[in-house]
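Only one structure is covered here, and it is reproduced in the block below.
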Amino acid sequence: MFDISYFRQNPQPFYALAREMFPGKYRPTVTHSFIRLLHDKGLLLKLFTQNIDCLERRAGVPGDMIVEAHGSFATHSCIDCKAAYLDELMAKAIADSVIPSCSECQGLVKPDIVFFGEALPANFFASRQLPEEADLCIVMGTSLSVHPFASLPGLCREETPRVLINLERAGSLGSRPDDVLILGDCDSGVRRLAEALGWLDELEKCATEPDESSAGDDEESPATKLKDGVPMELLLRPIERLQSESPNKTVRTRAKETLADERLILWGVREPEKAEEGSDEEDEWGGIED
Numbered sequence: 000m001f002d003i004s005y006f007r008q009n010p011q012p013f014y015a016l017a018r019e020m021f022p023g024k025y026r027p028t029v030t031h032s033f034i035r036l037l038h039d040k041g042l043l044l045k046l047f048t049q050n051i052d053c054l055e056r057r058a059g060v061p062g063d064m065i066v067e068a069h070g071s072f073a074t075h076s077c078i079d080c081k082a083a084y085l086d087e088l089m090a091k092a093i094a095d096s097v098i099p100s101c102s103e104c105q106g107l108v109k110p111d112i113v114f115f116g117e118a119l120p121a122n123f124f125a126s127r128q129l130p131e132e133a134d135l136c137i138v139m140g141t142s143l144s145v146h147p148f149a150s151l152p153g154l155c156r157e158e159t160p161r162v163l164i165n166l167e168r169a170g171s172l173g174s175r176p177d178d179v180l181i182l183g184d185c186d187s188g189v190r191r192l193a194e195a196l197g198w199l200d201e202l203e204k205c206a207t208e209p210d211e212s213s214a215g216d217d218e219e220s221p222a223t224k225l226k227d228g229v230p231m232e233l234l235l236r237p238i239e240r241l242q243s244e245s246p247n248k249t250v251r252t253r254a255k256e257t258l259a260d261e262r263l264i265l266w267g268v269r270e271p272e273k274a275e276e277g278s279d280e281e282d283e284w285g286g287i288e289d
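For the sequence shown, numbering that gives the first Met the number 0 gives the first residue as 0, with consecutive numbering after it.
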């Protein structure tokens, strides 16, 4: 179904599933809101994600701060001439169970999700140098089993702390002296970190704010964010303290006295929560995990 050759022959099965997957059925989790909070505080260098559901965007993370390694429902285009296809037209086609076609060449149109047989987005490869620039790497809710995405944590400098917030160990996390593991569900892990930072009230407020109206909003984030952001060392110190107290720790991070840059890089966001019963959003499945 997610094979580009099969899609060319028979797009109907994909569009039957797309009706259940299209953004709007699910809301962001506390974990998505934590990423938004990091951006608001000027600490987010870039978010790499394998998710296709646009929940990071709905949580308020600007599109230019996200690398969607496997594409997403944020944009749509013709598989032949690559002409863009409007989001509202795609939403209507999916709701009406109609297979959309390109107005330019009459070719098949699909969301810009990476199918088997297609290359990863160009911005994924163009951004692969960013882990080396990061002062802190947070990895959340992923098995790190799909390549080349799974190679990203290994691109961080040896001295860069890497924090895994996950149900279990993943990839090579835990093998370096500055790696820290916070094992458990992601929402609990980010709440624990936010509490240590004194951000818990801000996080809960952020998590209860209305979703951003446009999942495809690619407006650039304010250029002043990194200049006015929270010092990175204030984020690193609670991580060290949490790990020294954690029964799940395997290694501890060293204290960082000074940092030249104030940036943070994350990737891999947990699966979304279903909407509450009685809400306007349907209670159905809404994303693909690796």
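Glycine included, C-beta positions come from ideal geometry on N, C-alpha and C.
I want to know whether the stretch 118-127 touches the stretch 80-97 - three or more CB-CB distances under 8 Å.
These segments do not touch.
Secondary structure of R156, DSSP reduced to three states
In the structure shown, the three-state DSSP call for R156 is coil.
Can you have a look at R156 and say buried or exposed, based on whether 16 or more other CB atoms are within 10 angstroms of its CB?
R156 comes out exposed.
So which of H146, S144, L192, V145 has the shortest CA-CA distance to V162?
Checked all of H146, S144, L192, V145; the closest Cα to V162 is L192.
Take E338 as the anchor and find which of V29, P22, M0, Q11 has the nearest alpha-carbon.
This structure cannot settle anything about residue 338, because the visible part of the chain is limited to 0 through 289.
To the nearest angstrom, how far is the alpha carbon of I181 from that of L172?
Straight-line spacing of the CA atoms in I181 and L172 works out to 11 Å.
Straight-line CA distance for P12 to F114?
Taking the straight line from one Cα to the other gives about 14 Å.
For the stretch 30-49 against the stretch 1-8, are there 3 or more C-beta pairs whose distance is under 8 Å?
These segments do not touch.
Can you tell me the Cα-Cα spacing of M0 and K109, whole angstroms?
Cα to Cα, M0 sits roughly 13 Å from K109.
Spatial neighbours of E280 in its chain, beta-carbon cut-off 8 Å, leaving aside the 5 residues before and after:
Caution applies to E280, whose pLDDT of 37 falls short of 50 and renders its modelled position unreliable; the value that the coordinates give is listed next. G23, K24, Y25, R26, A274.
DSSP three-state label for L146, please.
Per the sequence presented here, residue 146 reads as His, with Leu not at that position. Residue state, collapsed to three classes: coil.
Residues that DSSP places opposite P110 in a beta bridge:
Per DSSP, H75.
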